[in-house]
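To start, the structure under review is shown below, and the notes come after it.
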Amino acid sequence: MRRVIAQGTFDILHPGHVHYLADAKAMGDELHVIIARGENVTHKPKPILDDRQRRDMVAALDVVDEAHLGHPDDIFVPIEEIAPSVVVLGYDQHHDEAAIKSALAERGIDCEVARATPREKTYDDELLSTGRIIDRITERRC
2 MRRVIAQGTF DILHPGHVHY LADAKAMGDE LHVIIARGEN VTHKPKPILD
52 DRQRRDMVAA LDVVDEAHLG HPDDIFVPIE EIAPSVVVLG YDQHHDEAAI
102 KSALAERGID CEVARATPRE KTYDDELLST GRIIDRITER RC
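For the sequence shown, this note's numbering begins at 2 and goes up steadily by one.
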């Protein structure tokens with residue numbers, strides 16, 4: 002059994018998220034997704050949707066075997082509990098792969114760290130980021 006972890010905020014689900022999760026699932030047999038708690042999101046604006054709603058939306062995707070909320074204090078706790086073969090980062094996520102590999106090794110978690118492929122637009126006006134979706138809503142509705 003090759004268990005895979007993907008992780009992220011998943012504030013407003015879009016085709017880029019679906020591609021990331023499908024790409025991650027293709028790297029193993031079982032896909033677990035860790036959804037960042039809103040209180041822990043510091044690298045971008047806080048999520049619009051609450052933690053449980055974001056988890057429930059991700060869990061509803063066929064490609065996802067289990068969706069988990071991240072730990073409030075230690076991002077590595079759910080990784081230790083899931084015991085993955087590979088942690089897959091989104092192609093544009095801000096994480097430093099070497100630092101993650103080092104932190105996993107320090108905690109005795111023996112797994113690969115991989116990066117998902119980008120999803121190319123299939124048409125010109127397609128939006129593949131939460132930020133761009135919010136910008137479009139603001140332009141058209143506010």
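From the three backbone atoms N, C-alpha and C, an ideal C-beta is built for every residue, glycine too.
Just so you know, these numbers come straight off a predicted model, no measurement behind them.
Simplified DSSP state of residue i, which is helix, strand or coil
| i | result |
| --- | --- |
| V88 | strand |
| R141 | helix |
| V64 | coil |
| I76 | coil |
| I83 | helix |
| L145 | No statement about residue 145 is possible, as the shown extent of the chain runs from 2 to 143 and does not include it. |
| I13 | coil |
| I101 | helix |
| L22 | helix |
| E121 | coil |
Residues near residue i in its chain [Cβ-Cβ closer than 6 Å; skip 5 each side]
| i | result |
| --- | --- |
| R56 | I36, A68, L70 |
| Y47 | It is worth fixing the name first, because residue 47 is Lys in this sequence and not Tyr. Counting only Cβ-Cβ distances below 6 Å, and skipping sequence neighbours, we find G39. |
Boundaries (first-last residue) of the beta strand (DSSP E) holding residue i
| i | result |
| --- | --- |
| V42 | Taken as a continuous stretch (DSSP letters only), V42 belongs to no beta strand (DSSP E), as it is neither H nor E. |
Beta-carbon separation (whole angstroms), residue i vs residue j, contact threshold 8 Å
| i | j | result |
| --- | --- | --- |
| E98 | L105 | Not confirmed; about 11 Å, so no contact. |
| T131 | D12 | 5 Å |
| A117 | V87 | In fact, because the Cβ distance is near 11 Å, the residues do not count as touching under 8 Å. |
| P85 | V5 | 6 Å |
| E81 | R108 | 7 Å |
Identity of the residues DSSP links to residue i by a beta bridge
| i | result |
| --- | --- |
| I35 | Q8, H69 |
| R116 | L90 |
7 Å Cβ shell around residue i - same chain, five flanking residues per side excluded
| i | result |
| --- | --- |
| A7 | Y21, L22, A25, L32, V34, V89 |
| V65 | L22, L32, V34, V59 |
| L14 | M58 |
| R120 | P16, G17, H20, L129 |
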